[in-house]
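One structure is given below, encoded as structure tokens.
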Amino acid sequence: MPDEPDKPDTPSDAVVNLWKRSEELAKIKANDASGIKPQVGSTPISSERSAMWNSLSQMSPADQAKTMSRLAGDWPYAKERRALNWPIHAGLLANCVSASLICSKINADMLLFNARLSYLESIKQAPKSPLVMGIYTSGVTFFLLQQVYFTPVVFGEDDPCASCTLSTAAAISMATGIAVPMLATPYLAYYVMLQRKQDKYPQVKNMIEMLTLCWEGSRAARPLVPALVVMQLAVATAATYASLWGRKRMFGTLEVDPELARELIIKAQTKDGPKEKVMEWISNIPLLGGMVKETPPEQERVKVPRREQKQIDSPDSPKVEAEEADKSDD
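Per UniProt numbering, the very first residue in the sequence shown carries number 1; after that it's consecutive.
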């Protein structure tokens, strides 16, 4: 008998049913896996953040601002480097000019008894100590407040508000360039008067006399205040917008050029610039050291950028979903 042709192997109905059930089970598992929620407490990482900010986010806010300030001093592009570094020098120069004008008027009135003397005549004839101390106090206070309230905002990760930054810069300039010399110089001039042995002046005995001395002593410099306010506002405005322009250009370059960012950050972390040396010197002054003293790492408050804060507070974030799940369980 001839051999019968081989019949094709066909799976049995039981095998086909088993295969169909396994496919359905695989689909169910895939759907369950896609619906798994992230663990409670996990923080979403924004894809918008560059590698530079991912590395800087490991630092404290104070160290971030310090690193970026050093980086601005080594920035390879001249215009942007000047826009970031020259504003503080312009503010110091404006403060020295306004403080010297105020101190010379007060010295001429209290020490020479002639408030109408010119600026140069007052400097030549009056004792120099109130003038020097007034300029010194104004400059140090300006630099300190700039480093505490202005620099961290400009060099922080979040985009600063232009009007808020301008308000801060203007307040610092007018407080340190006008208010400080007008309040301090009368007491300095009065101290010089008390040191004169040939003349005797009444001593201040209570708080009312102290306030009266400041009020009456600064009277000669008050006509200068409107012009000095305009000058300080103009300098603060130019300095603020120059800093913000330089910041925008620098941060944009760092975002698109990670190699340059890595090189400059490494260089900034391994050297101390003149600003750090001045801040270290100010930290040794008893009255001012507490304002610039670095906070220990264990006491440093973590600052969450606005982009991540919006993601955390959004209705779809793991934290909000976990809280809603807890409420539903209750």
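Ideal placement from N, C-alpha and C gives every residue a C-beta, glycine not left out. Remember, it's a predicted structure, so these values are computed and weren't measured experimentally.
Remark: three or more beta-carbon pairs, one from each stretch, lie closer than 8 angstroms, so the segment 148–156 and the segment 62–78 are flagged as touching. In the structure shown, residue 203 falls within a coil segment according to DSSP collapsed to helix, strand and coil.
Secondary structure at residue 190: helix, using DSSP grouped into helix, strand and coil. In its chain, beyond the 5 residues on either side, 246, 249 and 250 have a beta carbon closer than 6 angstroms to the beta carbon of residue 80. Taking a cut-off of 8 angstroms for Cβ pairs, the segment 223–243 and the segment 162–178 touch, as three or more such pairs fall below it.
Taking 7 angstroms as the cut-off, the Cβ atoms of residue 122 and residue 99 do not count as close. The shortest C-alpha to C-alpha distance from residue 90 to any of 120, 203, 23 and 146 is the one to 146. When C-alpha distances from residue 170 are compared across 241, 112 and 102, the shortest belongs to 241.
Residue 93 holds the alpha-carbon nearest to the alpha-carbon of residue 176 among 254, 252, 93 and 116. Our two residues, residue 130 and residue 254, have alpha carbons roughly 46 angstroms apart in a direct line.
The alpha carbon of residue 182 has as its nearest neighbour, out of 101, 197 and 192, the alpha carbon of 101. Burial state of residue 120 is exposed, judged by a 10 Å Cβ sphere holding fewer than 16 other Cβ atoms. Within the segment 66–111, the runs of alpha helix (DSSP H) at least 4 residues long that lie entirely inside it are, in chain order, 78–110. Nearest to residue 88 by C-alpha distance, out of 257, 260 and 243, is 243.
Secondary structure of residue 214 (DSSP, three-state): helix. Between the beta-carbon of residue 178 and that of residue 229 there is about 7 angstroms, and that keeps the pair under the 8 angstroms contact cut. Annotation: residue 110 to residue 190 spans about 8 angstroms, alpha carbon to alpha carbon. Ranking 187, 196, 219 and 220 by CA distance to the CA of residue 204 puts 187 first.
In the structure shown, residue 117 adopts coil according to DSSP, grouped into three states. For residue 138, the enclosing alpha helix (DSSP H) starts and ends at 129–145. With respect to the 7 angstroms criterion, residue 139 and residue 95 are classified as neighbours on the basis of their beta carbons. Note on geometry: alpha-carbon atoms of residue 84 and residue 260 lie some 18 angstroms from one another.
With a threshold of 16 other beta carbon atoms within 10 Å, residue 64 meets it and is buried. Here the alpha carbons of residue 213 and residue 126 stand approximately 19 angstroms from one another. Note on geometry: alpha-carbon atoms of residue 76 and residue 151 lie some 20 angstroms from one another.
Collapsing the DSSP output to three states places residue 156 in coil.
Distance from residue 220 to residue 115 at the Cβ level is roughly 4 angstroms; contact confirmed, criterion being Cβ atoms closer than 8 angstroms.
Between residue 224 and residue 105 the beta-carbon gap is near 7 angstroms, inside 8 angstroms, which marks them as a contact.
Only residues of its own chain outside the window of five on either side were considered, and among them 142, 145, 146, 149 and 150 have a CB closer than 7 angstroms to the CB of residue 172, listed in chain order.
For residue 215 and residue 267, the gap between their C-alpha atoms comes out near 50 angstroms.
The residues 67, in chain order, have a CB closer than 8 angstroms to that of residue 59 in the same chain once the five nearest residues on each side in sequence are set aside. In this structure, the beta-carbon distance from residue 201 to residue 193 falls below 7 angstroms. Within the model, the alpha-carbon separation for residue 118 versus residue 174 is close to 23 angstroms.
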